[in-house]
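Chemist: One structure follows; several queries about it will come next.
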Amino acid sequence: MILDFPGGVCPNERTLFSEQQIKKIESCSAICIKADADAEISVEVGSEVKRGNLLGMSGGTPVYASVAGRFSGVLDIEGEKYFVVMNNGEEGEERLCPPETIAINEMTREYIIESAKKFAVIDSRSGMPLWKLIEAGPKFRRVVIDCTESDPLSACNFRICIENAKNIVNGAKILLQATGALKCVFAAEHNRGMIFDALGEFANDKKLFAMAPLAEKYPYGDRALMHALYLRTLAKDETALDKNVLIVSPETALSLYESMATGMPRTHKLLAYVGEGIFGGGSLLVPRGMTMHDITAICGNAPEGCLLIENSLLCGKPMGGVLRDGTQAVISVRPTEKPRSNCISCGECANACPVRLFPFEALGRGIKHLQKSCISCGACNFICPSGIPLLELIWRDLSKKEATE
Amino acid sequence: MNAPYIHTNKKGNERAKNWLVALIPIIIWSVYVFGGRVISLCAICASACVILDYPIRRYLFKYARGTRIDLMAIVYAVLATFCMPVSVPLWLPTVAAILIVFAKNISVFRPKMLFNPYIFSAAVLNFAFPTQMTAFTKPFAYFGAFDVVIDQRLMDGYRVLSPLQYIADGSVYEDGLAAQLYGFASGNLGEIAIAAIILAAVWLWIRKELDITATAAFLITILVVAMCFPSEDAESNHYAYSILLSGGIALISVFALNDRHTVPLTSMGRLFLALFGGAAVFAVRKYGGGFEWSYCVILAINAISPLVERVTKPKPIVDSKKPDKKEK
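Protein sequence lines correspond, in order, to chains W and F. Residues are numbered in the working numbering as their position in the first sequence, beginning at 1, plus a constant of 88. Residues are numbered in the working numbering as their position in the second sequence, beginning at 1, plus a constant of 181.
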């Protein structure tokens, strides 16, 4: 049975790189890892560091160098602070501790939280440190490994599941142990059935694992997943954690297992670099904090007139200069303005709205009730055959306020 | 440039195109039964609608600036022509066009319309020009396509009552139900072509433009209520079928009940109004004489649509988080 959620849209674009293996990229000129305002540094500025060396602490989580090079300190770039390491091209790496020898079923919750913190395992879906996510919910009911893509053009979650199925399942087992949840669900779009075949080979204990084929609709997020899997609705400011469900990406489960198994913190992150005119892209494994300058230099830049968008063409923002921990995909697109015409009352926007609003009501005067519930997913704007910028209309008074301020 | 950065390939006038395609079999049948004058009437009404509608949308309403010709104006024009007998003078479609453009653009519940333009035009014309709008002639009596007004003596030779007028007189349409079903009865241009209307409905249903539940509910309600309350001296089934096949019920059930500009967007709302509309149409038919009161029922449905839509609208499945009891 295909699990569905209300609303959502399926853009026509399909993935271009699903057949292509994940490519590992090592060379880059510098890495910039986001730091909190109260970040502390552990090494001297100007000293040489190896990959895996501790650079400092940010928000209670250690930050490790993802390349070898000279540590430039915590620098202010465009109003935000970053740990900066200038790559010197050396290949050395330093393990944090010897590989784990304890069996998964003997690990305690505290031990796993401590390990996730020690190895700085970051959930690539939310960009949050995993230990904070686990600590946030004292009584988890379910763990969901969200194998859906952030955009139909991306295939990085598909590739990582195919190529690392065994380790992802092991990571899921550790997460079950850490959270005390009864079951782990692997959720992916139903048309990417190879994921279920690959994971099912290792996750064959039906009491512990379940496969959830989902409708091929976007955008997927906590809200859509919770509705599709458990028919639970979330309030506007709620996340799945509030319903005692831990949702993480397959990369997070993999990072947790591999860090503990090797004693080496995860210094790379998975990224889909795809879209119009990107011929050297695909599913990439890049150093954490890699700059877009380096990525475009290696994999090719977007053609003139194209924009690089982070995560989703439906609701993403233009990509900044540095990869964030929550960046799963960078998509090149040539933005098109659809010529606007009159509303034809087709109701497509109402059908596409994941929270069952009537977005066309924004054409009238009352928009407060829309603002109260709108999650700015962009589905209504995408689907409108008349090209009406419904999202802009819903938030028009806020845009005016911002402009006057 | 804000998200989303991509848009669907669907275009705003796709729906109007589907409707225009659906109207083609009805026009063909109407031309076959009533002759080339049907083309003249449709062309005059459609061109008048476009000529009047375009500048109003382009220059009067800011929200419509830069848009092209609205094909729905042509759809409404053709549908309004379908509600006229073939013998009407050639200036009458121009009046219909003025009414259509008025109803189409004077809208309180923007982007919704207050009244369905073609029904509004048909209802007003029936009140304002009762003689011309009820001058039904025999099928296959072809009049001149370019005669502005048809000679009264010529028309008198072909004048007959419509099935609806027969029912109002308490008698049975002499050519029988089959003639009505296959479209050989006297009456308005498009309303008689029941078989072609069924074809149009199938096309619209395939194109996901037709809410089959609402259409079926409307027709079944009329049929059931008519069977329950037959005319005193009529056989109940025959009476019910006659009611269903006469006048503009078929055309209304397909085109007026599925025009999302004027009916609720919620399927529950449409179903409710279809049931209400079906019962009301029968009531006005039974006690309203020969006049086609069903237009007025549809206008009433249109008027209460915003209210019904509001009542039947699903609750958003997201809302502000309720404060924790402990926090209180």
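Just so it is clear, CB atoms sit at the ideal spot from N, CA and C, and this is done for glycine as well.
Write down the C-beta distance between S400 of chain W and Y306 of chain W rounded to the nearest angstrom, noting that I regard them as a contact closer than 8 Å.
Modeler: 7 Å
Chemist: Any idea if C244 of chain W is buried or exposed, counting beta-carbon neighbours within 10 angstroms, 16 or more meaning buried?
Modeler: buried
Chemist: Are the C-beta atoms of I119 of chain W and some chain F residue less than 9 Å apart?
Modeler: no
Chemist: Which whole-angstrom value is the C-beta distance of K254 of chain W and F290 of chain W, which I expect to be below 8 Å?
Modeler: 5 Å
Chemist: Out of F:Y476, F:P487, F:L260, which has the shortest C-alpha to C-alpha gap to L295 of chain F?
Modeler: F:P487
Chemist: Taking its Cβ as the centre, do 16 or more other Cβ atoms sit within 10 Å of Q333 of chain F, making it buried, or is it exposed?
Modeler: When all chains shown are included, Q333 of chain F counts as exposed.
Chemist: Is K191 of chain F close to chain W, meaning its C-beta is less than 9 Å from at least one C-beta of that chain?
Modeler: yes
Chemist: Taking R239 of chain F as the reference, which of F:V256, F:N286, F:W272, F:G217 has the closest Cα?
Modeler: F:N286
Chemist: Kindly indicate if chain F contains any beta-carbon less than 9 Å away from that of E436 of chain W.
Modeler: yes
Chemist: On a CA-only basis, which of F:I403, F:F410, F:P344 is nearest E372 of chain F? Give me that one, please.
Modeler: F:P344
Chemist: Based on the DSSP output, what are the partners of D164 of chain W in its beta bridges?
Modeler: W:K169
Chemist: What residues from the segment 307 to 326 of chain W come within 8 Å of chain F, judged by C-beta to C-beta, listed N to C?
Modeler: Those residues of the segment 307 to 326 of chain W that come within reach of chain F (Cβ to Cβ, closer than 8 Å) are R311, H315, T321, L322, A323, K324, D325, E326.
Chemist: Would you mind working out which of W:G147, W:I222, W:Q459 sits nearest D330 of chain W, comparing C-alpha positions?
Modeler: W:I222
Chemist: Quick check: what's the CA-CA separation for I476 of chain W versus N199 of chain F?
Modeler: Straight-line spacing of the CA atoms in I476 of chain W and N199 of chain F works out to 21 Å.
Chemist: With a floor of 4 residues, list each alpha helix (DSSP H) that falls wholly inside the segment 368 to 437 of chain W, ordered by position along the chain.
Modeler: 380 to 387
Chemist: To the nearest angstrom, how far is the alpha carbon of C441 of chain W from that of G435 of chain W?
Modeler: Taking the straight line joining both Cα atoms gives about 10 Å.
Chemist: Closest Cβ-Cβ distance between I366 of chain W and chain F: below 9 Å?
Modeler: Not one chain F Cβ lies under 9 Å of I366 of chain W.
Chemist: Any C-beta of chain F within less than 9 Å: which residues of the segment 382 to 406 of chain W qualify?
Modeler: L395, I397, S400, L401, L402, C403, G404, K405, P406
Chemist: Do S238 of chain W and G404 of chain W come within 9 Å of each other at the CB atom, strictly closer than that value?
Modeler: yes
Chemist: Within the 9 Å Cβ cut-off, does A328 of chain W reach chain F?
Modeler: Output row for A328 of chain W: interface = no.
Chemist: At a Cβ cut of 7 Å, what residues of the segment 448 to 465 of chain W count as close to chain F, listed as they run along the chain?
Modeler: F448, L451, G452, K460, S461, I463
Chemist: Mind checking the segment 332 to 354 of chain W against chain B and listing, in chain order, the residues whose C-beta falls within less than 9 Å of any C-beta there?
Modeler: The structure shown contains no chain B; its protein chains are W and F.
Chemist: Could you tell me the boundaries of the alpha helix (DSSP H) in which C299 of chain W lies?
Modeler: Before going on, a small fix: residue 299 of chain W reads as Met here, not Cys. Note, M299 of chain W: premise wrong, no alpha helix (DSSP H); beta strand (DSSP E) at 297 to 302.
Chemist: Mind checking if K496 of chain F is an interface residue toward chain W, Cβ cutoff 9 Å exclusive?
Modeler: K496 of chain F counts as touching chain W.
Chemist: Would you mind telling me which residues of chain F sit closer than 7 Å to K514 of chain W, beta carbon to beta carbon, in chain order?
Modeler: Past the boundaries of the shown model lies residue 514 of chain W; chain W is included only from 89 to 493, so the question cannot be answered.
Chemist: A275 of chain W and A303 of chain W look like a contact to me (Cβ under 8 Å); what is the Cβ gap, rounded to whole Å?
Modeler: That pair is no contact at about 11 Å.
Chemist: From G216 of chain F to I90 of chain W, what does the alpha carbon distance come to, in whole angstroms?
Modeler: 54 Å
Chemist: What in chain W is Cβ-close to A377 of chain F, meaning under 7 Å?
Modeler: Chain-ordered listing is empty here: chain W has no CB closer than 7 Å to the CB of A377 of chain F, the nearest sitting near 25 Å.
Chemist: For C120 of chain W, which of helix, strand or coil comes out of DSSP?
Modeler: The answer is strand: DSSP assigns C120 of chain W an E or B state.
Chemist: To the nearest angstrom, how far is it from the Cα of S203 of chain W to the Cα of D382 of chain W?
Modeler: 31 Å
Chemist: With 9 Å as the threshold, decide whether the Cβ of L508 of chain W is near any Cβ in chain F.
Modeler: Because chain W is modelled from 89 through 493, residue 508 of chain W falls outside the range shown and cannot be assessed.
Chemist: Measuring alpha carbon to alpha carbon, tell me which of W:K227, W:I262, W:A208, W:S117 ends up nearest I233 of chain W.
Modeler: W:I262
Chemist: Considering only the beta carbon of each residue, do F207 of chain W and S347 of chain W sit closer than 9 Å?
Modeler: yes
Chemist: Helix, strand or coil for N332 of chain W, going by three-state DSSP, please let me know.
Modeler: coil
Chemist: Rounded C-beta distance between V421 of chain W and I397 of chain W? I'm assuming under 8 Å.
Modeler: 6 Å
Chemist: Around the C-beta of S135 of chain W, are 16 or more other C-beta atoms found within 10 angstroms, so that it is buried, or is it exposed?
Modeler: exposed
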